[in-house]
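Going by the numbering used here, the first residue of the sequence shown is number 25, and it counts up by one from there.
Note that beta-carbon positions come from the ideal geometry of N, C-alpha and C, so glycine has one too.
Quantities reported herein were computed from a predicted structural model and do not represent experimental measurements.
Here the structure comes first, spelled out in structure tokens, and everything after it is commentary.
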Amino acid sequence: RLVRDYNRTEENGLCELVADSQRAITGAQATVIHAGSVRNNLNAGEITFQDALNTLPYYNEIVKVSVSGQMILDALEFSVSFLPQGVGGFLQVSGITFSADPDMESSVQKDEKMQFVCVDGERRVYDVTIAGEPLDPKAESRLATNMFLLTGGDGYTMFKEADILETMPLSDSEMLMQYIEKDLGGMIPEQYGKPQGRIQWIPRKS
25 RLVRDYNRTE ENGLCELVAD SQRAITGAQA TVIHAGSVRN NLNAGEITFQ
75 DALNTLPYYN EIVKVSVSGQ MILDALEFSV SFLPQGVGGF LQVSGITFSA
125 DPDMESSVQK DEKMQFVCVD GERRVYDVTI AGEPLDPKAE SRLATNMFLL
175 TGGDGYTMFK EADILETMPL SDSEMLMQYI EKDLGGMIPE QYGKPQGRIQ
225 WIPRKS
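Given below as structure tokens:
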């Protein structure tokens, strides 16, 4: 299967590789990317920049921003609100883990353009960690993401008030190649061949 056929509903190892590359190169505590930015598989064997560009064809501009824990919580809640419908705005993550209750109806309120308005009720998302620590809604964190999401793309209005710390000189595809070449020593580890357990669909215990 092509990654774009299933990364819009579930955790995906290739998307985690992409997210990890952005977290490593920006020095952020965490990264969120939208599934729609990852369009094709990376096949086994030698990887060229053209392969990276086929995987990430939009030259997304990457930014490091300061966000509140509440913004991250709202973004994750919005991300899973569309399921089981697959959407390009489903978030793949790095430096973040969380659980979500598959049996609970989403309480996310959206406007007529399907943009995030608020969470009006109990949340599906729980047990969120960032950089290995429980997420504090009031604490500020350094988040790497792309300018598309930062400016409200795919309905992520909660990030519009984030403070930009740094605009990166490399696009997402360039970051992916640099991460593979320099951080991974030119070899993609087997761990990226499957999801790593960052997103768990587990009913919340009463």
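Worksheet entry | V17 in three-state terms, based on DSSP | This structure cannot speak to residue 17, because the chain is shown only from 25 to 230.
Practice prompt. Please go through the same chain and pick out, in chain order, the residues whose beta-carbon is closer than 8 angstroms to the beta-carbon of N67, but skip the five residues on each side of it.
Written response: D75
Item to complete: Excluding the 5 residues preceding and the 5 following K184 in the sequence, name in chain order all residues of the same chain whose CB lies nearer than 6 angstroms to its CB.
Response: G176
Discussion item. Once DSSP output is grouped into helix, strand and coil, what is the label at A235?
Written reply: Because the chain in this structure spans residues 25 to 230, residue 235 falls outside the shown range and cannot be described.
Worksheet entry | Cβ contact (3+ pairs, closer than 8 angstroms) linking the region 110–127 and the region 201–209 | no
Worksheet item: Relative to the alpha-carbon of Y83, which residue among S90, D125, V62 has its alpha-carbon at the smallest distance?
Response: V62
Practice prompt. With a floor of 4 residues, list each alpha helix (DSSP H) that falls wholly inside the region 150–176, ordered by position along the chain.
Written response: 171–174
Fill in: For E70 and S130, the rounded distance between their alpha carbons
43 angstroms
Item to complete: Please report how far the alpha carbon of L159 lies from the alpha carbon of A54, in whole angstroms.
Response: 11 angstroms
Fill in: Counted within 10 angstroms of its Cβ, other Cβ atoms place D178 as buried (16 or more) or exposed
buried
Discussion item. In the DSSP assignment, the alpha helix (DSSP H) including D144 goes from what residue to what residue?
Written reply: That residue, D144, is in no alpha helix (DSSP H); it is neither H nor E in DSSP.
Practice prompt. Could you round the C-beta distance between L189 and K88 to whole angstroms and report it? I think they count as a contact, below 8 angstroms.
Written response: 5 angstroms
Worksheet item: Between L167 and A52, which are expected to be in contact by the criterion C-beta below 8 angstroms, what is the C-beta distance as a whole number of angstroms?
Response: 6 angstroms
Practice prompt. Go ahead and label T181 buried or exposed: buried means 16 or more other beta carbons lie within 10 angstroms of its beta carbon, across all protein chains shown.
Written response: buried
Fill in: Terminal residues of the alpha helix (DSSP H) in which D75 lies
73–79
Worksheet item: Per DSSP, what kind of secondary structure is I226 in: helix, strand or coil?
Response: coil
Worksheet item: By how many angstroms is the C-alpha of T72 removed from the C-alpha of A224?
Response: This sequence places Gln at residue 224; Ala is not what is there. For Q224 and T72, the distance between alpha carbons rounds to 33 angstroms.
Item to complete: Can you grab the Cα-Cα spacing for the pair P161 / I212, in whole Å?
Response: 34 angstroms
Item to complete: Answer with buried or exposed for G145, where buried requires no fewer than 16 other C-beta atoms within 10 angstroms of its C-beta.
Response: exposed
Worksheet item: Is the Cβ-Cβ distance between G37 and K229 less than 8 angstroms?
Response: no
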